[in-house]
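Numbering (this note's numbering), first residue to last: 1 to 332.
What follows is a short report on a single structure.
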Amino acid sequence: MVSYKELGLVNTREMFAKAIKGGYAIPAFNFNNMEQLQAIIKAAAETKSPVILQVSKGARNYANQTLLRYMAQGAVEYAKELGWEHPQICLHLDHGDSFELCKSCVDFGFSSVMIDASSLPYEENIALTKKVVDYAHQFDVTVEAELGVLAGVEDEVSSAVSHYTKPEEVVDFATRTGCDSLAISIGTSHGAYKFTPEQCTRDPKTGKLVPPPLAFDVLDAIMEQLPGFPIVLHGSSSVPQEYVDMINKYGGKLPDAVGIPEEQLRKASKSAVCKINIDSDSRLAFTAAVRKVFAEKPGEFDPRKYCGPARDLMEELYKHKIINVLGSDGKA
Ligand code: G3H
Ligand code: 13P
Ligand code: ZN
1 MVSYKELGLV
11 NTREMFAKAI
21 KGGYAIPAFN
31 FNNMEQLQAI
41 IKAAAETKSP
51 VILQVSKGAR
61 NYANQTLLRY
71 MAQGAVEYAK
81 ELGWEHPQIC
91 LHLDHGDSFE
101 LCKSCVDFGF
111 SSVMIDASSL
121 PYEENIALTK
131 KVVDYAHQFD
141 VTVEAELGVL
151 AGVEDEVSSA
161 VSHYTKPEEV
171 VDFATRTGCD
181 SLAISIGTSH
191 GAYKFTPEQC
201 TRDPKTGKLV
211 PPPLAFDVLD
221 AIMEQLPGFP
231 IVLHGSSSVP
241 QEYVDMINKY
251 GGKLPDAVGI
261 PEEQLRKASK
271 SAVCKINIDS
281 DSRLAFTAAV
291 RKVFAEKPGE
301 FDPRKYCGPA
311 RDLMEELYKH
321 KIINVLGSDG
331 KA
């Protein structure tokens with residue numbers, strides 16, 4: 001058993017309380033490799049933003065859980081080296097799908113876990129979430145739960161349609177599970193294709209897809225039921241057109257990729273939404289930069305020469321999110 005406190009990590013409780021009061025949101029960035037982690041920490045340290053490092057089950061399988069844990073520990077030390085005296089870094093399990101996985105992360109030094117039982121019937125979601133909460137709270141590890149189902153692929157949990165969170169269920173759910181934060185469904189979804197072309201309109205000038213707005217009325221109703229309770233938005237990548245264009249220009253194929261417009265995330269950040277999950281945008285930045293190097297310098301075979309530019313572009317992306325979208329700069 002390793003306590004996250006020994007690793008210099010923090011849980012989400014204070015982060016979220018301050019974010020709700022201050023009208024901003026904490027960035028939750030997924031990482032699978034060293035370059036992403038370096039870029040996240042540099043961006044957070046330079047902007048003095050609290051940050052949540054998210055590890056999915058897939059990331060654990062890809063990178064090895066032991067290595068990831070030590071990487072997170074190293075990230076705290078790296079942040080200090082960069083001049084961030086008291087780093088506010090949380091290590092969080094993204095989309096945990098079983099009690100055993102959540103327990104293993106708690107025992108392994110994570111400061112926060114998500115149990116995503118949103119695909120189960122309501123009472124089963126409550127029972128599993130409560131079991132994780134009861135275990136995690138013994139060690140002061142915070143727990144995110146999910147109610148409502150996002151469209152698209154949620155790790156291994158999948159759903160073809162989006163089922164918005166029902167505001168009339170949230171009080172019962174939060175009270176009976178004791179969860180610390182609640183991920184809701186208001187129209188976001190995972191990946192780079194968040195809406196089908198049929199769900200969008202087309203900008204007559206550019207021909208680009210314009211997605212439908214998020215269901216802010218559902219968010220408002222949830223906040224009315226649970227005043228001041230931390231709300232989480234998954235699937236919040238914006239799928240920047242510049243990265244999509246770069247990928248397509250340099251040999252990729254991402255037709256009609258579309259994300260959540262940044263002004264909607266800005267609006268959400270000012271509400272009780274205090275954690276915003278971003279993964280796909282980082283993948284797009286990484287891929288765009290690597291493709292550019294490969295296209296322009298076909299003789300290049302030193303990974304540092306293409307992973308380096310990828311890291312730079314991700315750092316720029318993370319800083320942009322922190323400063324211009326979530327407003328979490330200067331809050332740590
Ligand atoms: O919500 C899912 C995250 O983007 C993680 O994705 O399962 O491919 O690591 P992954
Ligand atoms: P995106 O695919 O929109 O980046 O969402 C990531 C996410 O929700 C991770 O849990
Ligand atoms: Zn997610």
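Think of the CB as a built atom: it goes at the ideal place given N, C-alpha and C, for glycine as much as any other residue.
Remember, predicted model here, so these are calculated numbers, not experimental data.
Nearest to L120 by alpha-carbon distance, out of H320, L147, I41, G251, is L147.
Relative to the Cα of Y164, the nearest Cα in the group I186, D180, V143 belongs to I186.
Counting only residues of its own chain and dropping the five nearest sequence neighbours on each side, F139 has a CB closer than 7 Å to the CB of S3, V106. By the Cβ-count criterion, Q264 is buried, with 16 or more other Cβ atoms from all chains shown falling within 10 Å of its own Cβ. Closer than 7 Å to some heavy atom of ligand 1: that describes the Cβ of D279. For T206, the closest C-alpha among the options P167, Y62, R311, Q241 is that of Q241.
By the criterion of a C-beta distance shorter than 6 Å, H92 is surrounded in its chain by I52, Q54, S112, once the five residues flanking it on both sides are discounted. If you draw a straight line from the Cα of Q199 to the Cα of A257, it is about 13 Å long.
For V113, the uninterrupted beta strand (DSSP E) run begins and ends at 112-115, by DSSP.
Taking every protein chain shown into account, the CB of M246 has 16 or more other CB atoms within 10 angstroms, so this residue is buried.
A distance below 8 Å between beta-carbons, with the five flanking residues on each side excluded, links H86 to the following residues of its chain, in chain order: A332.
Linking K131 to K57 through their CA atoms gives a straight-line distance of about 19 Å. Cα atoms of V143 and V170: separation of roughly 15 Å, rounded to the nearest angstrom.
Burial of R291 is indicated by the presence of at least 16 other C-beta atoms within 10 angstroms of its C-beta. Here the C-alpha atom of Q36 lies approximately 6 Å from the C-alpha atom of R311. Of the heavy atoms belonging to ligand 2, none sits nearer than 7 Å to the Cβ of Q73. Set against 7 Å, the gap from the CB of S282 to the closest heavy atom of ligand 1 is not smaller. DSSP places L150 in the coil class of the three-state scheme, outside both helix and strand.
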